[in-house]
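**Student:** Let me begin by handing over the structure; questions about it come next.
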Amino acid sequence: MTDLLNILFSEVNLVLSILLIVLIVYWIATMIGGIDFDLDFDIDVDANIEPALDLDAGIEGGNMDFEDISNAEVNQEDVVGKRRNPLKWWQIFLIYFNFVGLPFMFTFTCWIFFWWFMTVLTTALTYTYDNFIGFAIMLLALFPALIVTKIFTTPFKGFFKNLNKNGDSPIDYLGRKAMLLSSISEDKMGNAEVKVDGNSMSIYVKSLNGEALPYGSNILIIKRSPDHNYYLVQTYND
């Protein structure tokens with residue numbers, strides 16, 4: 018047992034082992050029950066693309082729950098669509114290795130696990146877990162880990178596509194009332210809270226006609242986007 022711990026937390030394997038532990042704790046916390054993070058600042062991503070997930074939470078107030086982050090999905094249509102310039106190398110990288118089209122944290126966790134497993138196994142068998150050769154093995158293992166991650170995660174694309182973020186059958190939100198958790202306008206996407214059977218659900222929304230809607234507004238869900246990633250809404254007054 019002591020020898021195993023020495024290998025897992027050796028100079029070479031320490032970083033990956035700690036990162037994997039953090040990810041395990043992260044997923045346990047996510048499954049136990051949706052810890053909320055209150056964000057009151059803007060996060061702007063200028064990459065000449067329109068991401069499926071807008072991380073802007075609004076100066077006036079906002080909310081992004083822990084579970085939303087674990088299920089955040091960047092979609093290929095949003096990365097490729099409406100572009101006049103060729104894709105950048107990092108966009109091609111994300112698409113090819115399934116960081117696009119699947120929940121990002123799912124693919125990222127798989128990649129770290131395979132990278133960690135290959136590094137630990139190889140350095141343990143070659144007794145290089147505490148020298149410079151081990152560091153070289155760790156860096157080299159990054160690339161085959163990506164390939165294994167792509168192979169392993171590809172079958173999950175169809176599975177996740179047919180489920181909502183909680184793993185249940187999709188809920189029909191059309192015609193339901195909701196409350197904005199971030200300001201939206203024109204093509205800017207935000208979060209909204211909608212209650213279904215007593216449960217609060219978070220969905221991504223855009224303004225139906227581009228009208229600016231502030232944080233906390235009561236809205237009505239009108240229709241779903243063609244790619245099924247967000248809903249178009251308009252203001253609603255009781």
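The working numbering puts the first residue of the sequence shown at 18, with every later residue one more than the last. Even glycine gets a Cβ: it sits at the ideal position worked out from N, Cα and C.
(1) In three-state DSSP terms, what is Met135?
(2) Kindly list the residues whose CB is nearer than 7 Å to the CB of Phe26, restricted to its own chain and excluding five residues on each side of it in sequence; keep chain order.
(3) Does the distance from the C-beta atom of Thr170 to that of Phe134 stay below 9 Å?
(4) So what does DSSP say about Gly175, is it helix, strand or coil?
(5) Use the C-beta contact count for Tyr248: other C-beta atoms within 10 angstroms, 16 or more gives buried, fewer gives exposed.
(6) What's the gap between the Cα of Leu31 and the Cα of Phe152?
(7) Rounded to whole angstroms, what's the CA-CA distance from Thr252 to Val165? Just pull it up for me.
(8) Answer yes or no: do Thr126 and Leu22 have a C-beta to C-beta separation smaller than 9 Å?
(9) Is Thr252 helix, strand or coil by DSSP?
(10) Determine the burial state of Leu138: buried for a count of at least 16 other Cβ atoms within 10 Å of its Cβ, exposed for fewer.
(11) For Ile238, does the count of other Cβ atoms within 10 angstroms reach 16, so buried, or fall short, so exposed?
(12) Within 10 Å of its beta-carbon, does Arg118 have 16 or more other beta-carbons around it, so buried, or fewer, so exposed?
(13) Since I believe Asn254 is in contact with Asn235 (beta carbons under 8 Å), could you give me their beta-carbon distance rounded to a whole number of angstroms?
(14) Among Val213, Gly175, Asn226, Leu159, which has the Cα closest to the Cα of Leu258?
(15) For the alpha helix (DSSP H) containing Ile112, name the first residue and the last one.
**Tutor:** Quick answer:
(1) helix
(2) Ser34
(3) no
(4) helix
(5) buried
(6) 11 Å
(7) 47 Å
(8) no
(9) strand
(10) exposed
(11) buried
(12) Contrary to the premise, residue 118 reads as Gly rather than Arg in this sequence. It is buried - the Cβ of Gly118 has at least 16 other Cβ atoms within 10 Å.
(13) 7 Å
(14) The requested residue 258 is not part of the displayed model; the chain covers only 18 to 255.
(15) 106-113
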